[in-house]
Amino acid sequence: MIKKERDIPLTILKYEALLRRLPTSHVQRALIKEQLSKCWKGYVGEQSIDYFLSDLPKNQYFIFHDLRLPAGENKYAQFDTIILSKSYILIIEVKNINGTLLFDQTFHQLIRIKDGLEEAFPDPILQLKRHQKIITSLLQEQNIPQIPVETLVVITNHSTVIKAASDSKEIQQKVIRPTNLLHKIERFSAKHQQERLSPKDIRKLSRYFTKYHTPLHQDVLSLFNIKKSEILTGVHCPRCLKLPLQKQKSRNKWYCANCDKTYHDAHLHALKDYALLFHHSITNEECRKFLHLPSIQASYRLLQSLNLKQSGITKNRRYHLSFEELKGI
C-alpha cells in the first residue's frame, strides 16, 4: 500500500518557474537547464521502480516515496523510498546515471566513467548506512520496537555498466537492477520472518513519516545569483507562454493576442510562479505589481475570489499560497 506518493520535486517546479521568468538571453539559462535535466533524470529513475513495487501485497507492505525527515538539529535526510513491513524496514536509494559506475569502497566514492572522463559522486552505500542509523534512532525515540533495517541501491539505467573497485560482497548484495528488486524483497522477507511491529506501531511510524516530512524549499534566485529585478513579471499564456497577457475588463479573464484565446485562470499559474520563486504568501500590493493589475481594488477582488488563507490586517494582510494546492495547477 502506498502511504506517500512520489510527487514531482519542488526543485523541478522551481527551476521550471525560473526558466519561464528569465529573459531568453540570460547568462544563467544554460546552467539552470542543465540542473533541471539532472533533476528530471533522477525523478524518472525513481519512478521506474514503481512498476516492480506495484506487485507487492498491499496489506503487507507500506510504501513511502520521497521522504525528507529530520536528522538532527537543522539537518534533514532525503529518502527515495522506504518500505515498511511488520518484520523489517527497507530503504531504497535510486540512481539513474549512465556510463560505467565504479563503486570504490576504499575511498568511499562512486566514480562515473563516460566518454573517457571520470566524475566522482558521493558513495550511496555510505549514505544508506547513515540513513539506516537515522531510522534506527527514530524507532528508539518513538518507543517503537527495534526492527531490522535493510538497504539497497537500485541502478535504473539499463545501459549502465556496474563495477566494483575490489571484490566486495557488500556491493554484490546491495547494488541491484530494478528487475531484481522483488527477488531481493522476497529474500529479506524470508530472512526476517518474525513479526516485530504491531498494527499500532505501523500506524504510529506512518504518522511520523507523514507529519515530519519536510520538502526542500531552495531559494533558487540566490542559488543562481539572480536578482529579483531580473525576473519577468505578469501573467503568461498557458499555451504559448507569451508574457504579459492583458486583463480584460470582465473579472479574471486574460487575453492572448498571439493565440487569440481567452483564459479564465491564467493568473493561477502566475501566482504559482510567485510562490515558487519568492514567497509562499503575497500582499495585495505585491499581487497587483506581479500580475500587472490596474488597481488595488482589482487585486483585492482577485485574491478574495481564490478563498486563500489570510493573516494580518489592512495593508499587512497576506494571502497564503499553498504549495500543495498549487501543485495541481
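Position one of the sequence shown corresponds to residue 1 (the UniProt record's numbering), numbered consecutively onward.
Think of the CB as a built atom: it goes at the ideal place given N, C-alpha and C, for glycine as much as any other residue.
Pull the bridge partners of PRO122 from the DSSP assignment, please. Here residue 122 is taken as the residue at index 122 of the sequence shown, counted from 1. Answer by DSSP bridge pairing, in chain order: GLN109.
Just how far apart, CA to CA, sit PRO238 and ALA266? To locate residue 238, count along the sequence shown from 1; it is residue 238. To locate residue 266, count along the sequence shown from 1; it is residue 266. Their Cα atoms are separated by approximately 6 Å.
Would a C-beta distance cut-off of 8 Å place LYS272 and ASN258 closer than the cut-off? Numbered from its first residue, the sequence shown carries residue 272 at position 272. Numbered from its first residue, the sequence shown carries residue 258 at position 258. No, the pair does not count as a contact, with Cβ atoms beyond the cut-off.
Within a Cβ cutoff of 6 Å, which residues of the same chain sit near GLU285, ignoring the five residues on either side of it in sequence? Indexing the sequence shown from 1 puts residue 285 at position 285. Correct list: empty, nothing qualifies.
Element boundaries [beta strand (DSSP E), containing ASP66]: Indexing the sequence shown from 1 puts residue 66 at position 66. Unbroken beta strand (DSSP E) run through ASP66: 62-70.
With distance defined between alpha-carbon atoms, name the residue in GLN132, LEU126, LEU101 and THR106 nearest to LEU117. As a working note, residue 117 is residue 117 in the sequence shown. When each option's Cα is compared against that of LEU117, the closest is LEU101.
Name the residue from GLN310, LEU303 and TYR88 whose alpha carbon lies nearest to the alpha carbon of ILE191. Locating residue 191 in the sequence shown gives position 191, where the first residue counts as 1. At residue 191 the sequence reads Lys, which differs from the Ile that was named. If we check each option's Cα against that of LYS191, TYR88 comes out closest.
From the DSSP output, read off the bridge partner residues of HIS320. Taking the first residue of the sequence shown as position 1, residue 320 is located at position 320. Paired residues: SER281 and LYS309.
Thinking just about the alpha-carbon of each residue, which of ASP104, SER85, VAL27 and GLN78 is nearest to the one in ILE162? The residue you call residue 162 lines up with position 162 of the sequence shown. Out of ASP104, SER85, VAL27 and GLN78, ASP104 has the C-alpha closest to the C-alpha of ILE162.
Would you call the region 222-240 and the region 10-24 touching, i.e. three or more CB-CB distances under 8 Å? yes
Quick one: measure Cβ to Cβ for THR156 and SER48, integer angstroms, because I've assumed they're closer than 8 Å. The residue labelled residue 156 in the question sits at position 156 within the sequence shown. The residue labelled residue 48 in the question sits at position 48 within the sequence shown. THR156 to SER48, Cβ: 5 Å. Contact.
By how many angstroms is the C-alpha of ASN74 removed from the C-alpha of CYS240? Taking the sequence shown and counting its residues from 1, one reaches residue 240 at position 240. Taking the sequence shown and counting its residues from 1, one reaches residue 74 at position 74. Between CYS240 and ASN74, the C-alpha separation is close to 41 Å.
Measuring alpha carbon to alpha carbon, tell me which of SER295, LYS261, LEU302 and GLN297 ends up nearest ALA270. As a position in the sequence shown, residue 270 is number 270, starting the count at 1. That would be LEU302, whose Cα lies nearest to the Cα of ALA270.
What did DSSP end up calling LEU102 once you bin it into helix, strand or coil? In the sequence shown, counting from the first residue as 1, residue 102 sits at position 102. If DSSP states are grouped into helix, strand and coil, LEU102 belongs with the strands.
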